[in-house]
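Taking it in order: structure first as structure tokens, then the write-up.
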Amino acid sequence: GTGGITFNTAPGLLPAAAGQWVRDETRTVSVGTFQTSSEAAPVILTSNPADLDLAGFIATDTNGLITLLMIGGDDETEIATKEHDTYMAPTLVLPDSNDIVARAYDPVPAPYSTVPPSLDVLAWTNPEPNNPGETITCDVYFGSTEPNLALPNYGLELLAAGLTGNSVALPPLEQFKTYYWVVNIYDSSFPDRVVPGFLWSFNTFNAPPVVDAGDDQYVWLNKAVVSTTSDADTYLRDATPRGGLEYMDIRGASTWAFAGYVRFDLSALAAMGPGTLENVTLTLTKVGGASRNDVVNNDRFALYGLNNVEGNTPQNWSEAGLIPDNAGAEWTFPLDLESGRLTNLDDSVEGITETIDGDGGVGTKIIVSGEALANFLKSRIDDNGLATFILVCPATNDKGYGIGTKENTDPDNRPLLTLTYTPDSAPYSGNAVVTLSGEATDDGLPDPPAAMTYKWTQLSGPVDVIIVPNDTLETTVELPAVGTYVFQLEADDGQLSAADSVQIYVGIDACDAAQNAPGYEPILSDLNNDCRVTLLDFMILASEWLDCNSLDCP
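Note that our numbering gives residue 33 to position 33 of the sequence shown, counting from 1, and the numbers run on in steps of one.
Printed below as a string of structure tokens:
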């Protein structure tokens, strides 16, 4: 690439014809021949000191940097570099000797690092003396001029001489400069020898802020987000109970009808006390298996709520026994909507939206929502939490279809009721409240302003939230919906900026939040997966006590 070494630009070579090389004998020394191998790669090649006198060449070095030119013959040999991921990089092994003195190492600041101009000390680690009881002293050279390899100590000025420690005070530094330094080592074991140090550098350029948006958090709502299937469903046709089937047979004629009964248990919401309902949706699915398979549409579907009045079917009816003969007074033909026994939730009622999602065939969804539906459910929550819907086909021309039940083998076909219930006693309207708390540090550059500004933003989430204030390291947000939110804290020093993000998971409840946190381990005896071992788990165990599915069951 641009600036790379070629035959014509490599140090120690003279320009030559393509594919040829001419060594500059005034600037290089021929060390000898390094024999390669005819074995298949990879092969580790090691020179023989008796044949290739590297030690003599290294001894002539004056600044600690050596370059070896390896020039092959007609046959090509590829040698791994220091960047190779698998094979050994070129390695120079010095012989064991009691007269080799190591260099200073572990410089502080680290090579090529960016530091604030307030830096006032250079530090490093000295090698051990070659002979026990001897001492190491140091000369430190320092400056901001471009190093010159041809000059002693790279042309840098002496900062301190004869140091016995491993640090030295710095003169005041300027902004936006690169500084260079060298630590030469003297070992009293060899009074006349100096060990040239490495060339180290650092700069006082502006570094971006360092930002930490805080640890991920796992919290939960103070309101109930419900997504539940029915706890009982059947259809009334004749003297045979129809509970336990995968479908409800919904059918209408001029003198009779098959009607579905679907109940949802919302008693857990009733136990939370008075509250408000939002986002209420009832979803039903057309399935096969019924006595007819006609297209379902708005004219062939009607929904009613069973009111808790004297003479009606009790809300705790059993799908194993409910039939027309033991149903309540609400079961008439046609349905009596004037008696107050039923709440009309058909799309003819203001405040009801009834959507037929599909072509009317199997798999079509019937989606009901609206204020009237929410009001009916609220009345049932305020009573005992059991809510029964009655499904009918208003058509009188013997049309009908099937609706999936809770027993349907496909979970997507089962009745589904979704809603959000917020108790009046819940703080912050039931939303999860989270404190975003970040940290940011900077080098004080540029100066001015020598100060940072901050900004919180939302990167993702189930809903958009408002962050006020958003220009402080710590702020509070309300999260109204279940899901994962990601927020970013950005710090800006007036010239450079940096950012970090934090993830907040909002669970339906504390158990849901715990189950989504890293490292969660379920309790083996928590059979209903509610994060608690209670009598409910024992009831599950007891219901299957001594059940057997082995091949040798008695």
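The C-beta atom is built at its ideal place from N, Cα and C for all residues, glycine as well.
On a CA-only basis, which of the options is nearest residue i? Give me that one, please.
| i | options | result |
| --- | --- | --- |
| residue 210 | 550, 511 and 445 | 445 |
| residue 413 | 58, 42 and 245 | 245 |
| residue 240 | 207, 262, 321 and 183 | 321 |
| residue 559 | 463, 144 and 491 | Here the chain comprises residues numbered 1 to 554, so residue 559 is not present and cannot be evaluated. |
| residue 301 | 312, 260, 265 and 51 | 260 |
| residue 117 | 314, 65, 450 and 214 | 450 |
| residue 114 | 144, 154 and 176 | 176 |
| residue 284 | 554, 472, 155 and 392 | 392 |
| residue 143 | 170, 128, 127 and 530 | 170 |
| residue 166 | 103, 11 and 227 | 103 |
| residue 314 | 349, 41 and 386 | 386 |
| residue 368 | 332, 362 and 417 | 417 |
According to DSSP, is residue i part of a helix, a strand, or is it coil?
| i | result |
| --- | --- |
| residue 490 | strand |
| residue 90 | coil |
| residue 552 | coil |
| residue 167 | strand |
| residue 538 | helix |
| residue 299 | helix |
| residue 423 | strand |
| residue 436 | strand |
| residue 412 | helix |
| residue 428 | helix |
| residue 112 | coil |
| residue 325 | helix |
| residue 213 | coil |
| residue 69 | coil |
| residue 105 | strand |
| residue 245 | coil |
| residue 519 | coil |
| residue 118 | coil |
If I measure Cβ to Cβ from residue i and keep anything under 6 Å in the same chain, skipping five residues before and after, which residues do I get?
| i | result |
| --- | --- |
| residue 278 | 420 |
| residue 478 | 428, 431 and 433 |
| residue 474 | 437 |
| residue 235 | 242, 248, 249, 258 and 260 |
How is the alpha helix (DSSP H) around residue i delimited, first residue to last?
| i | result |
| --- | --- |
| residue 375 | 371 to 383 |
| residue 516 | 510 to 516 |
| residue 57 | 54 to 59 |
So residue i and residue j are in contact, right, with Cβ under 8 Å, and what is the actual spacing, rounded?
| i | j | result |
| --- | --- | --- |
| residue 458 | residue 216 | So it is not a contact: roughly 15 Å between Cβ atoms. |
| residue 292 | residue 251 | 6 Å |
| residue 555 | residue 203 | The chain is shown only over 1 to 554; residue 555 falls outside these bounds and no answer can be derived. |
| residue 508 | residue 225 | 5 Å |
| residue 105 | residue 124 | 7 Å |
| residue 555 | residue 119 | Since the first and last residues shown for the chain are 1 and 554, residue 555 lies out of range. |
| residue 358 | residue 370 | Between residue 370 and residue 358 the Cβ distance is about 20 Å, and since that is not below 8 Å, they are no contact. |
| residue 212 | residue 438 | 6 Å |
| residue 112 | residue 147 | In fact, because the Cβ distance is near 14 Å, the residues do not count as touching under 8 Å. |
| residue 309 | residue 388 | Actually they are not in contact, since the Cβ atoms of residue 309 and residue 388 sit about 12 Å apart, beyond 8 Å. |
| residue 443 | residue 274 | Contact flag wrong, Cβ pair sits at about 57 Å. |
| residue 534 | residue 476 | With 8 Å as the limit, residue 534 and residue 476 do not qualify as a contact, their Cβ atoms being about 34 Å apart. |
| residue 54 | residue 28 | With 8 Å as the limit, residue 54 and residue 28 do not qualify as a contact, their Cβ atoms being about 14 Å apart. |
| residue 495 | residue 206 | 5 Å |
Can you check whether the C-beta of residue i is within less than 8 Å of a C-beta belonging to chain B?
| i | result |
| --- | --- |
| residue 282 | Annotation note: the requested chain B is absent from the structure, which comprises a single protein chain. |
Give me, in chain order, the residues of the same chain whose beta-carbon lies closer than 8 Å to that of residue i; leave out the 5 immediate sequence neighbours on both sides.
| i | result |
| --- | --- |
| residue 1 | At residue 1, the pLDDT of 41 sits below 50, so the modelled position is not reliable and the matter cannot be decided from this model. |
| residue 512 | 220 and 482 |
| residue 486 | 458, 459, 460, 461, 501, 502, 503 and 504 |
| residue 298 | 347, 354 and 356 |
| residue 342 | 304, 305, 306, 307, 330, 335, 336 and 390 |
For the beta strand (DSSP E) that residue i lies in, which residues bound it at each end?
| i | result |
| --- | --- |
| residue 497 | 497 to 507 |
| residue 122 | 121 to 125 |
| residue 257 | 257 to 265 |
| residue 40 | Neither: residue 40 is in no beta strand (DSSP E) and is coded neither H nor E. |
| residue 403 | 399 to 404 |
| residue 387 | 386 to 392 |
| residue 235 | 232 to 236 |
| residue 354 | 353 to 357 |
Within a Cβ cutoff of 7 Å, which residues of the same chain sit near residue i, ignoring the five residues on either side of it in sequence?
| i | result |
| --- | --- |
| residue 441 | 209 and 210 |
| residue 13 | 7, 21, 22, 23 and 24 |
| residue 89 | 80, 81 and 82 |
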